Structures are given as C-alpha cells and as structure tokens.
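Chemist: Numbering (my numbering), first residue to last: 126 to 867.
Note that beta-carbon positions come from the ideal geometry of N, C-alpha and C, so glycine has one too.
Owing to the predicted nature of the structure, the values given are computational and were not obtained by experimental measurement.
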Amino acid sequence: MNDELTYRVKVQRLPWALTNQTLNAVSAQITFGGPVLLLFLDSLGLTKAHMGLLLACFPLSSLIALAAEPFAARFGNKRTYLTFYSIRTLVLALLLAVPGVIYNFGALNAVVFISLVLVAFAVLRAVASTGFSPWYQEFVPNATRSRYALIYNLVSNIAGTIALVMAAFMIGPEPGMGPFLWIIGAGVALGLAAGVCAFPMPGGAPIAERRKSVSLGAMLDTLHTREFSYYLAGIALITLGSAPLQFIPLLMKHRIGLPDNDILIFSAITLTGNLLFSYLWSWATDRWGNKAIIMLSLGVLAVMPLAWLAIPAASPLTIPLAIAVSIMAGLSSAGWSIGSVGLLFNGVVAPERKTDFLAANYAWSGLVGGLSVLVAGGALDLVKSTIQVNHLPMPDEYTVLFPVAFLISVTSILVFRQVREYKAFGLRRLLTMLLKGNPIRAAGSLIMYRRARAESERISVTESMGSAKSPLNIDELLDAMYDPSFNVRHEAIIAMARMRADDRLINALIEVLHGNEPDLSVSAIWALGRLGDRRAIEPLRELLDSAYPLIRARSARTLALLGDYDIVPNLLDKFRSTEDEGLRIAYATALGALRSRDAVAGLLEFLHNVRGKDAHMELALAIAQIASTPDNYVHLARQVRLNPTSAFSQALLGLRRLRNLPPGWLENTELVDHCISSFARYDQERGLLDIAAILDRCQPVNIGETYALILRECAECVREFKSARTEYAVLGLHILRAAIEL
Numbered sequence: 126m127n128d129e130l131t132y133r134v135k136v137q138r139l140p141w142a143l144t145n146q147t148l149n150a151v152s153a154q155i156t157f158g159g160p161v162l163l164l165f166l167d168s169l170g171l172t173k174a175h176m177g178l179l180l181a182c183f184p185l186s187s188l189i190a191l192a193a194e195p196f197a198a199r200f201g202n203k204r205t206y207l208t209f210y211s212i213r214t215l216v217l218a219l220l221l222a223v224p225g226v227i228y229n230f231g232a233l234n235a236v237v238f239i240s241l242v243l244v245a246f247a248v249l250r251a252v253a254s255t256g257f258s259p260w261y262q263e264f265v266p267n268a269t270r271s272r273y274a275l276i277y278n279l280v281s282n283i284a285g286t287i288a289l290v291m292a293a294f295m296i297g298p299e300p301g302m303g304p305f306l307w308i309i310g311a312g313v314a315l316g317l318a319a320g321v322c323a324f325p326m327p328g329g330a331p332i333a334e335r336r337k338s339v340s341l342g343a344m345l346d347t348l349h350t351r352e353f354s355y356y357l358a359g360i361a362l363i364t365l366g367s368a369p370l371q372f373i374p375l376l377m378k379h380r381i382g383l384p385d386n387d388i389l390i391f392s393a394i395t396l397t398g399n400l401l402f403s404y405l406w407s408w409a410t411d412r413w414g415n416k417a418i419i420m421l422s423l424g425v426l427a428v429m430p431l432a433w434l435a436i437p438a439a440s441p442l443t444i445p446l447a448i449a450v451s452i453m454a455g456l457s458s459a460g461w462s463i464g465s466v467g468l469l470f471n472g473v474v475a476p477e478r479k480t481d482f483l484a485a486n487y488a489w490s491g492l493v494g495g496l497s498v499l500v501a502g503g504a505l506d507l508v509k510s511t512i513q514v515n516h517l518p519m520p521d522e523y524t525v526l527f528p529v530a531f532l533i534s535v536t537s538i539l540v541f542r543q544v545r546e547y548k549a550f551g552l553r554r555l556l557t558m559l560l561k562g563n564p565i566r567a568a569g570s571l572i573m574y575r576r577a578r579a580e581s582e583r584i585s586v587t588e589s590m591g592s593a594k595s596p597l598n599i600d601e602l603l604d605a606m607y608d609p610s611f612n613v614r615h616e617a618i619i620a621m622a623r624m625r626a627d628d629r630l631i632n633a634l635i636e637v638l639h640g641n642e643p644d645l646s647v648s649a650i651w652a653l654g655r656l657g658d659r660r661a662i663e664p665l666r667e668l669l670d671s672a673y674p675l676i677r678a679r680s681a682r683t684l685a686l687l688g689d690y691d692i693v694p695n696l697l698d699k700f701r702s703t704e705d706e707g708l709r710i711a712y713a714t715a716l717g718a719l720r721s722r723d724a725v726a727g728l729l730e731f732l733h734n735v736r737g738k739d740a741h742m743e744l745a746l747a748i749a750q751i752a753s754t755p756d757n758y759v760h761l762a763r764q765v766r767l768n769p770t771s772a773f774s775q776a777l778l779g780l781r782r783l784r785n786l787p788p789g790w791l792e793n794t795e796l797v798d799h800c801i802s803s804f805a806r807y808d809q810e811r812g813l814l815d816i817a818a819i820l821d822r823c824q825p826v827n828i829g830e831t832y833a834l835i836l837r838e839c840a841e842c843v844r845e846f847k848s849a850r851t852e853y854a855v856l857g858l859h860i861l862r863a864a865i866e867l
C-alpha cells in the first residue's frame with residue numbers, strides 16, 4: 126500500500142518537477158548557458174582569454190561533485206539542491222550591480238567583481254547539481270522515466286527557443302548594458318521560480334549510512350580498459366576541437382558583422398534544430414546503434430568551424446547560410462550528445478563497476494571541458510595579437526584556429542572508430558543506406574507505417590516502401606511480414622522484390638517458402654528470383670518436389686532465372702515424366718533459359734502438340750533461347766503481332782544485308798525476293814510457304830544438329846499451320862539468322 130501511495134504521489138507531483146526543470150533550463154539559456162553571457166562580457170571589453178577562463182569555471186567546477194556527493198547524501202539531496210540552488214541564483218543576481226560597481230570602483234574592478242560572481246556561481250551550481258542527480262532518480266518513477274524525459278526535452282527546448290527570441294527583441298540591434306541586465310534579471314527571476322517549484326517535489330531525504338566518494342585509484346584503474354581509454358581520448362579530442370565553437374557568437378558579431386539580436390535568433394535556430402533532430406537521432410541509435418550515429422554527427426560537427434568561416438559578411442547569402450549552418454549545429458550536437466551517452470552505457474562501461482567508470486568519465490569530461498575552452502580563448506587572443514604585431518596576411522584569428530579545430534575533430538573520429546560496440550553497424554554501411562534508393566520517400570514511409578491503421582493504408586504504405594527501394598525500410602518490411610492481413614503480407618513480399626538483395630530479406634523470404642500459405646510461397650519464390658541472390662537456390666531445389674504443382678512450376682522458373690545449371694538433369698527428367706501440361710510448360714521454359722540442348726527435341730514435340738497461343742509463344746521463346754540470345758526473336762515476334770506482312774518482309778531484308786551469307790543464299794535470291802513480294806501483296810499464306818522453302822534451302826554448311834533440327838521442324842510446321850501459328854516462322858527466321866551469324 127505504501128509503495129502504491131508513494132508511486133501515486135510521485136506521479137501527481139511530476140508537473141512540479143517538469144516546471145522546475147523547464148524554468149531552470151530557460152534561466153540557464155538566457156544567463157550563463159547561452160550566448161547572452163558571452164555577448165555581455167564582450168560588451169564590457171573582456172578578452173577572449175578572460176572569457177575562456179570564466180567559461181572554464183563551469184565544467185571545472187563539476188569536479189567538486191565527486192567530493193560533495195557524500196555530504197549531499199547525509200545532508201539530504203533535496204535540502205542540498207534547494208540550499209545551494211537558491212544561494213547560486215542570488216549570487217547570479219549580483220551581476221545586476223555591475224553598473225554601480227563600474228560607477229563607484231571603475232571598469233577594472235568591475236571585471237574582477239564579475240569574475241568572482243561567476244566563479245562562486247559555478248561552484249554553488251556544481252554542489253546543487255550533486256544533490257539533484259540522485260534526487261532525480263528518486264522522484265521520477267522508473268515506469269515513466271523515458272516518457273518524462275521525452276516531454277521535458279520537448280518542453281524545455283521550445284521554452285528555451287521562445288526565451289531566446291524574446292531576448293533578441295529586448296536587446297535590439299545596438300544594445301548597451303541595460304538590455305543585457307534586463308535579460309539576466311529575467312533569468313534570475315525564472316531561476317527563483319524554479320527553486321520554488323522544487324519544494325513540492327517528493328523524496329531527497331538524508332541518508333543515514335556513511336557514503337564514501339569514489340577513490341582516485343578506482344577511477345585510474347578504469348583506464349586499463351581498452352574501450353574506455355579510447356572513449357576518453359575521443360572525448361578529449363572532440364571537446365578540444367569543438368571548444369572554439371563556443372566563441373561563435375563573437376565570430377558572428379566581429380567577423381560576419383551580425384547584430385547581437387540576430388545572434389540570439391541564430392542560437393534559437395540551433396536549439397530548434399537540436400529539438401527536431403533529437404528524436405530522429407534517438408530513433409536511429411535504437412535502430413543502428415550508437416557508434417554509427419556518433420561517427421555521422423561528428424563528421425558534421427568537424428566541418429562546423431569551416432562552415433562558419435565560409436559565411437560571407439554583408440552578402441545576400443549571409444543570412445541563409447547562417448540559418449543553414451545553425452541548423453547543422455543543432456543536428457550535430459543532438460547526434461553527438463545522444464550517441465555518446467548511449468555508447469558509454471552500451472559499449473564502454475562495465476556494469477559491475479558502473480560507479481567507478483561514470484565517476485571517471487564525469488571527472489575527465491569536466492577537466493577537458495574546462496581546459497579546452499580555456500586554451501581556445503587564450504589561443505584566439507594570442508593569434509590575434511600575433512597577426513596585429515607582425516602584420517601577417519591573415520584576416521583574423523578565426524581563420525587560423527578554426528581549420529586546426531577541424532583537424533582535431535577529424536582525429537577524434539579516427540579514435541572513436543577504435544571503440545567497439547555490441548551493434549556492429551559501421552558508418553560506411555549507414556551512409557550507403559542513406560544514399561541508396563529514395564531516402565526522403567523512405568523516411569516518409571517510416572512515419573506513415575507507424576500511423577497506418579486500416580488495411581488499405583497498411584497496403585499502400587508497404588507498397589510505398591518498396592517503391593522507395595531504400596535499405597532504411599528493411600525493418601518495417603520485415604515487420605509487415607507478420608501483419609495479420611494476408612494482403613499486407615503479400616504486398617510486403619512484392620515490396621521486398623523491388624529492393625536490393627539483403628541477408629535479412631533473403632532469410633525472411635526463404636522462411637516464407639516453408640510456411641503453410643502456398644499463395645505467399647509462390648510470391649516469395651518469384652521475389653527471390655527477382656532479387657537474384659544465389660543463396661535461394663538450395664531451398665528452391667527442395668520445392669521442386671512440393672505437393673503443390675504451382676510451387677514446383679514457380680521454383681523451376683526461378684532456379685533458371687538464378688542460373689542453376691546443375692539442376693538441368695533433374696528438370697529434364699521431370700519434363701519427360703510429368704503429364705501436367707502447366708508443369709511441363711514451366712519445366713520447358715526453365716530448360717530453355719538454362720540452354721539445355723538435350724531438351725530441344727522434346728520441346729519441339731511439345732510445342733507441336735500443346736494448345737494455347739501463350740503456351741506457343743513461351744515454348745518457342747524457350748527453344749530460341751537454347752540456340753541463341755532471344756533478343757531478335759522477341760523483337761520480331763512483337764512486330765509480327767502488330768503487322769505480320771511488314772514484319773516478315775523487314776526480317777528477310779535484314780537477312781539479305783548480313784555479311785558471310787551461306788553459299789546457297791545467292792542461288793535462292795529469286796525465292797527470297799518472291800517471298801518479300803508475296804508479303805508486299807499481303808499474300809501471307811504464300812509468303813509463309815516461301816519462308817518454309819527458305820528455311821530448307823538457305824542453311825549454312827555444317828550448321829550443327831541443334832540448329833538443323835529446329836529449322837527442319839519449323840519448315841514443316843510452317844507448311845502445316847501457315848498463318849494459324851506464326852511462331853514457327855518467327856522461330857525459324859531467328860534460328861536461321863543465328864546460324865548465319867555464327
């Protein structure tokens with residue numbers, strides 16, 4: 126009962142927690158965590174080295190959390206958070222006194238005052254965070270943790286974007302100190318409101334038992350793990366490579382020439398991009414693993430310094446390019462943050478030593494984060510002064526350091542490649558998937574597939590996934606194979622046939638072959654043939670003895686399509702022994718595709734006796750394939766179907782123009798001309814009899830038994846059937862041409 130009541134209380138008070146975290150996030154965005162603080166410090170004339178020092182205080186102060194954690198547990202996590210959070214917010218409010226400090230004590234003392242305020246704020250913030258993290262694990266129920274995090278991410282990002290836009294309007298294009306102080310004051314007020322909302326949140330009571338902080342030796346011992354060492358090295362490199370990006374607001378202001386309010390708008394665009402792509406990256410990591418997403422997002426992150434350098438100043442392209450690069454920044458930061466955390470837990474951290482690994486990662490991230498931004502700020506000032514003193518032909522310090530940042534970030538990608546993950550999905554494979562087919566249509570299909578409810582909708586979406594021909598849809602197509610509707614499953618098989626061959630698709634289709642639905646098995650056999658993967662040969666051979674004639678027929682055709690020449694003797698036996706006409710046609714077609722000359726006599730006999738125009742044309746094609754490539758046969762057959770007299774005349778004229786005509790051909794020129802003349806007079810019966818005579822008299826010497834047998838049969842059948850079965854005349858002319866061209 127108590128557990129149930131506790132869970133109910135937690136759920137009932139989650140809105141307070143959501144409000145607290147959202148207000149805190151917005152407060153951070155418009156005070157110390159966004160571009161406002163950097164622009165404010167720049168307006169006071171601080172150097173980049175000084176700014177880097179102040180920004181470094183925030184990550185470096187996180188090291189305090191390792192030592193403060195036992196104290197927070199004993200004092201109470203909730204009490205620790207509320208106490209130090211309230212004090213830090215009041216300390217931040219001291220920035221509102223900067224004008225008075227400047228007026229009474231001078232600008233230099235004001236800089237010292239600001240530095241002391243920010244250092245004290247960073248330390249107090251670190252202690253407050255020490256209490257909040259374990260408290261968060263307590264007041265958010267495990268059953269709703271993922272949903273709560275999703276809602277918080279959405280709400281806080283939207284609120285932060287709105288706050289930045291409003292701050293941009295408050296600052297205006299030519300701000301003085303006043304607008305910055307108003308924005309910081311608003312951030313302080315929101316911070317105090319967030320603290321008030323934390324009081325109703327449950328949990329966070331003091332823990333009586335003594336808690337020990339993680340020892341330095343235990344953290345250092347984690348470095349003996351190969352994956353963790355590479356992970357930390359990659360963290361250090363990417364942090365160092367991206368540290369100059371923290372000064373992007375100053376680049377936009379001094380290099381590109383954007384006003385302060387536009388800079389805040391672009392920061393809001395970056396935040397929006399982060400929000401939009403967060404869900405895409407989360408879905409992608411669940412599907413393809415964290416490492417591939419890290420590599421992809423790091424690739425985008427690496428080019429960010431060069432992308433900012435490429436934006437021209439005072440150009441019609443300035444704003445569009447800045448918007449595009451800002452969206453890229455949101456995309457890369459979202460992918461990196463989601464992928465790196467996932468890789469840490471799923472590929473790096475040893476579960477039995479989770480506390481030691483996470484503490485080491487936390488300490489290392491804070492240390493390299495602080496030192497990196499400190500180095501970046503100092504380097505920017507150093508390069509700037511070097512350029513000015515030595516009159517170097519460089520536009521500014523960013524032109525020198527940002528390419529270096531690019532190279533460092535690229536190196537981090539090479540390091541992260543060494544980290545193994547349980548999902549072996551490489552970047553190359555992911556890029557290949559994104560570039561194959563129609564990825565835009567595939568992405569739309571993924572969304573529609575999850576929303577489709579009615580059978581007609583599911584069929585339509587499944588068909589669309591096949592039309593996209595993108596590997597991105599493979600998982601959904603496999604899922605569609607388990608749809609309760611037969612029609613959807615059948616459409617999934619058809620869609621798979623339009624894709625490129627993939628191990629999972631092949632295996633899924635092979636599994637259908639042995640199912641209890643013959644209709645689906647027939648479709649799966651056809652799909653395997655269209656995919657053209659020879660791994661299907663062995664399962665298809667087994668189906669040649671299926672209880673269902675249609676499955677046997679389809680299997681024979683598909684094996685021929687896959688080029689299974691070893692099956693020819695078996696097909697010959699089945700063709701000769703079976704009495705089922707439909708099966709015999711299928712076997713005959715397969716033997717023709719496999720060019721079995723031993724089957725010619727049987728096929729000619731079967732062609733003579735079988736009924737039906739479709740069977741006639743299919744068997745004639747099979748015989749044509751055995752003797753030669755069937756291209757000319759198919760072309761002539763189409764023309765004869767449309768206009769027989771003209772088609773036969775053109776075919777005979779084409780024969781006359783061939784080189785290396787047989788010796789007897791010139792002696793029968795009159796016969797050929799008479800045949801052409803008969804067709805010109807629309808005397809089709811006479812013309813066909815002349816074709817029979819040509820097939821008898823105009824054969825090359827040493828034509829070969831197969832060609833001679835077919836030509837004799839065609840000549841006899843043309844005389845027998847005349848225009849009732851023109852496929853014999855078509856086949857005969859095709860074989861005669863093939864024999865002459867040998």
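Taking 8 Å as the threshold, find out whether the region 219–238 comes into contact with the region 319–327 through three or more Cβ pairs.
Modeler: Touching, no.
Chemist: In the DSSP assignment, find the unbroken alpha helix (DSSP H) run with residue 822 in it and report its ends.
Modeler: Segment 809–822, the alpha helix (DSSP H) holding residue 822.
Chemist: Taking the CB atoms as reference points, tell me whether residue 603 and residue 647 lie closer together than 8 Å.
Modeler: For residue 603 and residue 647, no; Cβs fall outside 8 Å.
Chemist: Measuring CA to CA, which of 632, 131, 188 and 238 is closest to residue 166?
Modeler: Among 632, 131, 188 and 238, the Cα nearest to that of residue 166 belongs to 238.
Chemist: Helix or strand or just coil, what does DSSP make of residue 637?
Modeler: If DSSP states are grouped into helix, strand and coil, residue 637 belongs with the helices.
Chemist: Please return the same chain residues whose Cβ sits closer than 6 Å to the Cβ of residue 127, not counting the five positions on each side in sequence.
Modeler: In this prediction, residue 127 scores a pLDDT of 41, lower than 50, which makes its location untrustworthy; the coordinate-derived value is nonetheless stated afterwards. The answer is none, since no qualifying residue turns up.
Chemist: Measuring alpha carbon to alpha carbon, tell me which residue in 672, 656 and 723 is nearest residue 697.
Modeler: Ranking 672, 656 and 723 by Cα distance to residue 697 puts 723 first.
Chemist: Residue 593 and residue 567: beta carbons closer than 8 Å?
Modeler: Cβ distance < 8 Å, so residue 593 and residue 567 count as in contact.
Chemist: Within this structure, are the beta carbons of residue 433 and residue 450 separated by less than 8 Å?
Modeler: For residue 433 and residue 450, yes; Cβs fall inside 8 Å.
Chemist: What would DSSP say about residue 608, mapped onto helix, strand or coil?
Modeler: Here residue 608 sits in coil by DSSP.
Chemist: Sorted by chain position, which residues of the same chain lie with C-beta nearer than 6 Å to residue 358's C-beta, five sequence neighbours on each side aside?
Modeler: Counting only Cβ-Cβ distances below 6 Å, and skipping sequence neighbours, we find 540.
Chemist: Tell me whether residue 622 sits in a helix, a strand or coil according to DSSP, three-state version.
Modeler: Residue 622 falls in the helix class under three-state DSSP.
Chemist: Can you round the beta-carbon distance between residue 381 and residue 443 to whole angstroms, since I take them to be within the 8 Å contact cut?
Modeler: At roughly 6 Å, the Cβ-Cβ gap stays under 8 Å, so residue 381 and residue 443 are in contact.
Chemist: Identify, in the order they occur along the chain, each residue of the same chain with its Cβ nearer than 8 Å to the Cβ of residue 235, setting aside the five sequence neighbours on each side.
Modeler: So the list reads 169, 223, 226 and 227, once near-sequence residues are dropped.
Chemist: With a floor of 4 residues, list each alpha helix (DSSP H) that falls wholly inside the region 441–486, ordered by position along the chain.
Modeler: With a minimum length of 4 residues, the continuous alpha helix (DSSP H) runs that stay inside the region 441–486 are 443–468.
Chemist: DSSP on residue 689, reduced to helix/strand/coil?
Modeler: Coil.
Chemist: Does residue 513 pass the burial test, meaning 16 or more other C-beta atoms within 10 Å, or should it be called exposed?
Modeler: Exposed.
Chemist: Following the continuous alpha helix (DSSP H) through residue 378, name the residue where it begins and the one where it ends.
Modeler: Premise fails: residue 378 is in no alpha helix (DSSP H) and is neither H nor E.
Chemist: Rounded to the nearest angstrom, what separates residue 221 and residue 596 at their Cα positions?
Modeler: Roughly 56 Å between the two C-alpha positions.
Chemist: For residue 829, which three-state DSSP category applies?
Modeler: Reduced to three states, the DSSP call for residue 829 is coil.
Chemist: Which value, in whole angstroms, describes the spacing of the CA atoms of residue 397 and residue 282?
Modeler: So the two alpha carbons sit approximately 7 Å from each other.
Chemist: Within 10 Å of its beta-carbon, does residue 435 have 16 or more other beta-carbons around it, so buried, or fewer, so exposed?
Modeler: Label assigned to residue 435: exposed.
Chemist: What are the complete alpha helix (DSSP H) segments, minimum 4 residues, inside the region 345–374?
Modeler: Entirely contained in the region 345–374, the alpha helix (DSSP H) runs reaching 4 residues are, in chain order, 351–367.
Chemist: Would you identify the three-state DSSP class for residue 509, choosing helix, strand or coil?
Modeler: Of the three classes helix, strand and coil, the one that applies to residue 509 here is helix, per DSSP.
Chemist: Exposed or buried, what is residue 598 when buried is set at 16 or more other beta-carbons lying within 10 Å of its beta-carbon?
Modeler: By the neighbour-count rule (16 or more Cβ atoms within 10 Å), residue 598 is buried.
Chemist: So which of 327, 578, 661 and 753 has the shortest CA-CA distance to residue 204?
Modeler: Out of 327, 578, 661 and 753, 327 has the C-alpha closest to the C-alpha of residue 204.
Chemist: Quick check: the region 711–729 against the region 748–755, are at least 3 beta-carbon pairs closer than 8 Å?
Modeler: The answer is yes - the region 711–729 touches the region 748–755, with three or more Cβ pairs under 8 Å.
Chemist: Taking the continuous alpha helix (DSSP H) assigned at residue 410, which residues delimit it?
Modeler: Run containing residue 410: 385–413, per the alpha helix (DSSP H) assignment.
Chemist: What are the boundary residues of the alpha helix (DSSP H) that residue 516 is part of?
Modeler: First-last for residue 516: undefined, no H or E at that position.
Chemist: Using a threshold of 8 Å, state whether the C-beta atoms of residue 329 and residue 156 are closer than that.
Modeler: No, they are not a contact pair.
Chemist: Could you check the C-alpha separation between residue 371 and residue 346 for me, to the nearest Å?
Modeler: Roughly 32 Å separates the two Cα atoms.
Chemist: Count the other CB atoms within 10 Å of the CB of residue 140; is the residue buried (16 or more) or exposed (fewer)?
Modeler: Exposed, by the Cβ-count rule.
Chemist: Please list, in chain order, all residues of the same chain as residue 256 whose beta carbon is under 6 Å from its beta carbon, the five residues on each side excluded.
Modeler: Closer than 6 Å at the Cβ level, and outside the excluded window around residue 256, lie 197, 202, 205 and 206.
Chemist: Who are the Cβ neighbours of residue 610 in its own chain at under 6 Å, not counting the five residues just before and after it?
Modeler: Same-chain partners within the cutoff: 580.
Chemist: If you compare alpha carbons, which of 407, 419 and 389 is closest to residue 363?
Modeler: Of 407, 419 and 389, the residue nearest in Cα terms is 419.
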